[in-house]
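Novice:
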Amino acid sequence: MLLVCGHGGGTDLTGTVFERGEEPPSYKGTPNADAPYVWVCDSFYAVESGGSPIEIDGEEIRIAFESPMPRGFETKEQAIEAAKEHVVTQFVRIGVDSESVDVEVESAEPTA
1 MLLVCGHGGG TDLTGTVFER GEEPPSYKGT PNADAPYVWV CDSFYAVESG GSPIEIDGEE
61 IRIAFESPMP RGFETKEQAI EAAKEHVVTQ FVRIGVDSES VDVEVESAEP TA
């Protein structure tokens with residue numbers, strides 16, 4: 001299991017790449033969940049009202065979450081690249097400049 005962690009605008013976002021032999025969570029309508037590598041992470045966007053408050057670069061905004069949608073990949077490299085792109089995209093969607101987003105990939109032990 002790999003954790004892909006993004007940092008930007010004073011907040012963080014972490015998603016998971018499940019590797020061969022690990023069982024990713026399944027959702028109704030999940031595409032590609034039986035692929036060798038599966039990426040799962042929240043998606044969100046800024047909203048004018050409702051949603052949840054979050055502080056970005058010292059300013060409170062409100063965000064709404066979309067249902068996580070696992071994506072399957074044939075190679076580890078494809079999964080990691082897509083994960084990094086996804087994380088940066090989420091920050092951009094809430095007004096953080098893509099150049100200021102730091103993304104790290106860490107190995108993680110699954111919890112029992």
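What the sequence shown shows, in UniProt numbering, is residues 1 to 112, in sequence order. Beta carbons are placed, not taken as given, at the ideal position from N, Cα and C, and that holds for glycine.
(1) Decide if P53 is buried, meaning its Cβ has at least 16 other Cβ atoms within 10 Å, or exposed.
(2) When DSSP labels each residue in this structure, what does A108 get in the three-state scheme?
(3) Helix or strand or just coil, what does DSSP make of S98?
(4) Using the DSSP secondary-structure output, state which residues sit across from C5 in a beta bridge.
(5) Taking the alpha carbon of S98 as the reference point, which residue from T75, K84 and G51 has its own alpha carbon closest?
(6) Just the Cα atoms here: how many angstroms apart are D102 and G58?
(7) Between A79 and V17, is the Cβ-Cβ spacing less than 7 Å?
(8) Answer with buried or exposed for G25, where buried requires no fewer than 16 other C-beta atoms within 10 angstroms of its C-beta.
(9) By alpha-carbon positions, which one of P70, E60, E55 and H7 ends up nearest to D34?
(10) Please list the terminal residues of the continuous alpha helix (DSSP H) segment that includes E85.
Specialist: Based on what the coordinates show:
(1) exposed
(2) coil
(3) helix
(4) T14 and E104
(5) K84
(6) 18 Å
(7) yes
(8) Note that residue 25 is Pro in the sequence shown here, rather than Gly. So P25 counts as exposed.
(9) P70
(10) K76 to R93
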